[in-house]
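Read left to right, the sequence shown gives residues 1 to 295 (the UniProt record's numbering). Before any comments, here is the structure.
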Amino acid sequence: MSTEPQSLVADPQAAALTSTRRRRSGGFFSAPSGWLSVGVLALFTVVAIAGPMVVDSPSGLGTDILQSPSGAHWFGTDDLGQDVFAQVVWGTRISLLVGAVASLIAIGIGTLLGLAAAYVKRLDPVVTTVTDVMLSLPMLPLMILVTALAGPSVVTLITVIGLLSWPEVTRMIRANGLVVAAMPYIDGARVLGAGATRIIAREILPAVMPLVVVNVLLTAARAVIAEAGLSFLGMGDPSSWSWGRILLNAQRSGTIASAWWQTLFPSLAILLLVLAATIAGIRYNDSRDPRTRGV
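The structure is reproduced here in structure tokens:
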């Protein structure tokens, strides 16, 4: 009879449980940056949805003009006596809306073109050429020109930013799609009679989906910055609040230097949102990479 301690006897279930725990240890929420970035994004989402239901819309003239942050006005007031905290809360909805929808538009176009170029060889030179041309264009002046011609509005901002932000996505999806398209199982699916549409949708797209998720977050961050920049330049919707409009109002009133709180708090909101989206995207990419999971 074996005298080996029971703890040293191989236990398949225990080994499987240990392996699962090790894989989870390298998951998205295994590092503080994962849950912290998601928490910040969730907070901004809650503010965008529920904030305008709780905080009154900033409008009209107030008596407390250019008041610094206090218990009565957490973020201070502007030159019209309007509460800057209310402006930031109401601006969160538009800034997040533009960033999210414009990102989805860019991701949709970029993913479609990238997958088509990766699998359909005759389309690759065309897509690559168009992508290179778009990447060589000065995007900010082009956005300003198109927005000025179309007229400032939220829909215009979403459309312009979304339609001009896809080239980076296309290049990354195409590069990864080419690797997947060269895999043996793709040739096997083709031999079995699968068409191009089915192979792209059922085989290549799932393989590059983690990259798509990362690009959604990173493109949304860039879209928020683009919206703030265009609104600051007067290309935003004058009838709705956004973080860029708050900065524009501070610049027009000439209080950027004297009333520091008018620019500090919307700038911090932009910084926190962009930083959280970027960190979440990087963390998600690292959690999917076997080299960084400690397995």
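A virtual CB, placed ideally from N, CA and C, is assigned to each residue, including glycine. All figures in this text were calculated on a predicted structure; none of them were measured in a lab.
- Within the region 23 to 61, the complete alpha helix (DSSP H) segments of 4 residues or longer fall at 32 to 54, listed in chain order.
- Counted as a single uninterrupted DSSP element, the alpha helix (DSSP H) harbouring Thr219 occupies residues Leu205 to Phe232.
- The Cβ atoms of Leu115 and Gly177 sit closer than 8 Å to each other.
- Secondary structure note for Phe85: its alpha helix (DSSP H) is the uninterrupted segment Val84 to Tyr119.
- Under the DSSP definition of a beta bridge, Thr77 partners with Asp83.
- Rounded to the nearest angstrom, the Cβ distance from Gly162 to Ala102 is 4 Å, consistent with a contact under 8 Å.
- Each residue's CA atom was taken as its position, placing Arg283 and Leu104 some 20 Å apart.
- In the three-state DSSP reduction, Met183 falls in the coil class, being neither helix nor strand.
- In the structure shown, the three-state DSSP call for Ile279 is helix.
- Taking the Cα of Ile49 as reference, the smallest distance to any Cα among Val40, Trp74 and Trp90 is reached at Trp90.
- If you draw a straight line from the Cα of Ser33 to the Cα of Ile279, it is about 7 Å long.
- Within its own chain, the residues whose Cβ lies closer than 8 Å to the Cβ of Ile225, once the five positions on either side in sequence are excluded, are Ile270 and Val274, listed in chain order.
- The Cβ atoms of Val169 and Val208 lie no closer than 8 Å to each other.
- Classified as buried, Phe265 has 16 or more neighbouring CB atoms from the shown chains inside 10 Å of its CB.
- When secondary structure is reduced to three states using DSSP, Ser136 falls in the helix class.
- Looking only at Gly110, Ala277 and Arg245, the smallest Cα-Cα distance to Ser153 is reached by Arg245.
- When rounded, the separation of the alpha-carbon atoms in Phe29 and Ala277 is 15 Å.
- CA-CA distance, Thr128 to Ala117, rounds to 8 Å.
- Look at the beta carbons and you see the region 71 to 90 not touching the region 140 to 150: under three pairs across the two are nearer than 8 Å.
- If you check the CB distance, Gln262 and Val88 do not come in under 8 Å.
- In this structure, the alpha-carbon of Val126 lies about 40 Å from that of Val40.
- The C-alpha of Ile158 lies about 14 Å from the C-alpha of Ala148.
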